[in-house]
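Engineer: Using UniProt numbering, the letters of the sequence shown correspond one by one to residues 1 to 323.
For each residue, glycine too, the CB sits at the ideal point set by N, CA and C.
All figures in this text were calculated on a predicted structure; none of them were measured in a lab.
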Amino acid sequence: MSENNRPEDDTEIIEGVVVGVDGSDQGLCALKWAAQEAKRRGSVLNIVTAYTIPVFAASSMDAGYATLDDQLIRNGAEEVVRQARATITDEDITIRTYIESGDPAGVLLDLSRQAELIVVGTRGRGGFVGRLLGSVSSALPAHAKCPTVVVPLCVAKREESGSQVKDRVVVGVDGSDRARLAVLVAAELAAKRGLTLRVVCALAPISGALAWMPATVDQEAVTADVRHQMGIGKAWLQSLFPDLQIEMDVIDGAPVEILIRESESARLMVTGSRGRGGFAGMLLGSTSQGVLHHSKGPVMVVPDGDDPRLASRKEFEDKANGL
């Protein structure tokens, strides 16, 4: 077990799992989950906190006093990291600690360019150390360069209560390539951990969602088509992960509500950052945002990207359609 502070020249490469802490219970919950994940991956656990000097303080104090104030705030940040570090006693985890001066979301976003995974809690405190969590947990997943996991405080309560959590990873799909990328990430995680992969497509009633839809459109026909496509997707996934147990399900209902319900018993919920109709300037797709705010378990948001395995999906579709 080791730890170090990030050098001023910022030349060190940050690898492994990065977790943001701010002294809150939410941050501690995220830290514990991140430590377990780092151990599962055999990766380094990087504990990070970030702070900024309040604008009113920096603008109203002379240079000498502002320097003193900065040191006091940094001392507080050091205590946050020290306490966080002390909670992890597993000797099999390599731990590094970092204290950054700057906007918390910006700091974690920069680290996401090198990290395997970023982990944050859902909400943090608004104390002098700065709001590391809260708005960060909403904004970061949309722009991070690596997957981001948001861990709600209820995860700690869920484990303490001994509630029934099933050995499965759940991923929501909508037929888009972004969703298929999320499926690949979820499948890899499930395969490595010996968990079941549950792929869910929530199908909202057409009549309620699209009032202009022609009457000739049949809800049952749409559902049948979705099931057909998911069957193709299962065959495609099974070819890539032959030993993985895969469940496919089409459920009638609003996507956010369905995925929140699924999160109650999942080890991990996985979603893409945007679904159909998403665009680059969007913070998060409405489904992803809703799930993040109300999930009953950890949620991983997979950023947009390319994966050569996506090209093979069309081959299975052509085969299924007799082409």
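In whole angstroms, give me the CA-to-CA distance for Ala182 and Ala224.
Structural biologist: Roughly 23 Å separates the two Cα atoms.
Engineer: Which residue from Met269, Val250, Ala86, Glu91 puts its Cα closest to that of Arg168?
Structural biologist: Considering only alpha carbons, the answer is Met269.
Engineer: Hey, how far is the Cα of Gly20 from the Cα of Thr148?
Structural biologist: So the two alpha carbons sit approximately 11 Å from each other.
Engineer: Tell me, to the nearest whole angstrom, how far the beta carbon of Val301 is from that of Ser273; I am working on the premise that it is less than 8 Å.
Structural biologist: Confirmed, Cβ separation roughly 5 Å.
Engineer: When the Cα of Leu28 is compared with those of Val185, Ser295, Gln83, which residue comes out closest?
Structural biologist: Of the listed residues, the one whose Cα sits closest to Leu28 is Gln83.
Engineer: Distance, Cα to Cα, Gly23 vs Leu108?
Structural biologist: Computed Cα separation, rounded: 16 Å.
Engineer: Helix, strand or coil for Asn321? Go by DSSP, reduced to three states.
Structural biologist: Coil, per DSSP.
Engineer: Out of Ser263, Ala235, Arg178, state which residue places its alpha-carbon closest to the alpha-carbon of Asp306.
Structural biologist: Ranking the options by Cα distance to Asp306, first place goes to Arg178.
Engineer: Here's a check: name, in chain order, each residue in its chain whose Cβ is nearer than 7 Å to the Cβ of Arg267, leaving out the five neighbours to either side.
Structural biologist: These residues qualify, in order along the chain: Val165, Asp167, Arg168, Val169, Leu195.
Engineer: My understanding is that Ile260 touches Val200, with C-beta atoms under 8 Å, so please give their C-beta distance in whole angstroms.
Structural biologist: With a Cβ gap of about 11 Å, Ile260 and Val200 do not count as contacting.
Engineer: Between the beta-carbon of Val80 and the beta-carbon of Thr122, is there less than 7 Å?
Structural biologist: Cβ atoms of Val80 and Thr122: not closer than 7 Å.
Engineer: Indicate whether Glu116 and Ser43 have their beta-carbon atoms separated by less than 7 Å.
Structural biologist: Yes; because the gap between Cβ atoms is below 7 Å, this pair is in contact.
Engineer: Is Gly124 buried or exposed, if buried means 16 or more other CB atoms sit within 10 Å of its CB?
Structural biologist: Unreliable placement is indicated for Gly124, whose pLDDT of 47 sits below 50; no coordinate value is reported for it.
Engineer: Helix, strand or coil: how does DSSP classify Cys201 here?
Structural biologist: Note: Cys201 maps to strand in three-state DSSP.
Engineer: With burial defined as no fewer than 16 other Cβ atoms inside 10 Å of the residue's Cβ, what is the status of Asn298: buried or exposed?
Structural biologist: Per the sequence presented here, residue 298 reads as Pro, with Asn not at that position. Pro298 comes out buried.
Engineer: Where do the N-terminal and C-terminal ends of the beta strand (DSSP E) with Arg309 fall, by residue?
Structural biologist: Careful: Arg309 lies outside any beta strand (DSSP E) and carries neither H nor E.
Engineer: When you compare each of Cys154, Ser101, Lys192, Ser263 to Ala77 by their alpha carbons, which one comes out closest?
Structural biologist: Checked all of Cys154, Ser101, Lys192, Ser263; the closest Cα to Ala77 is Ser101.
Engineer: Cα separation between Ala202 and Gln238?
Structural biologist: Looking at the two C-alpha atoms, the distance is approximately 22 Å.
Engineer: Bridge partners of Ala50, per DSSP?
Structural biologist: Answer by DSSP bridge pairing, in chain order: Glu100.
Engineer: Looking at C-alpha atoms only, which residue of Asp218, Thr94, Pro152, Pro242 is the closest neighbour of Asp25?
Structural biologist: With distances taken between Cα atoms, Asp25 lies closest to Pro152.
Engineer: Among Val185, Gln114, Thr87, whose alpha-carbon lies nearest the alpha-carbon of Phe241?
Structural biologist: For the residues Val185, Gln114, Thr87, the minimum Cα distance to Phe241 belongs to Val185.
Engineer: What residue range is occupied by the uninterrupted alpha helix (DSSP H) comprising Ile232?
Structural biologist: From DSSP, the alpha helix (DSSP H) with Ile232 extends over 219-240.
Engineer: Quick check on this structure: which residue in Arg180, Arg74, Arg40, Thr89 has the alpha carbon closest to the alpha carbon of Asp304?
Structural biologist: Per the Cα distances, Arg180.
Engineer: Give the DSSP-derived three-state secondary structure of Ala179 in the structure shown.
Structural biologist: Looking at Ala179 - three-state DSSP - the assignment turns out to be helix.
Engineer: Are the beta-carbon atoms of Ala38 and Val17 separated by less than 7 Å?
Structural biologist: Their beta carbons are under 7 Å apart, which means Ala38 touches Val17 by this criterion.
Engineer: If contacts are defined as beta-carbon pairs under 8 Å, then Asp252 and Ala191 qualify, I think. What distance do you get, rounded to the angstrom?
Structural biologist: Actually they do not touch by this definition, with Cβ atoms about 29 Å apart.
Engineer: Quick one, which of Ala254, Gln229, Glu247, Gln36 has its alpha-carbon nearest Ala320's?
Structural biologist: Residue Gln229 is the option with its Cα nearest to Ala320.
Engineer: Once the 5 residues before and after Val226 are set aside, which same chain residues still bring their CB inside 7 Å of it?
Structural biologist: Correct list, in chain order: Cys201, Leu203, Val250.
Engineer: What are the partner residues of Arg168, as DSSP defines its beta bridges?
Structural biologist: Beta-bridge pairing links Arg168 to Thr196.
Engineer: Taking a contact to mean a Cβ-Cβ separation below 7 Å, would you say Trp236 touches Arg313 in this structure?
Structural biologist: Yes, the Cβ-Cβ distance between Trp236 and Arg313 is below 7 Å.
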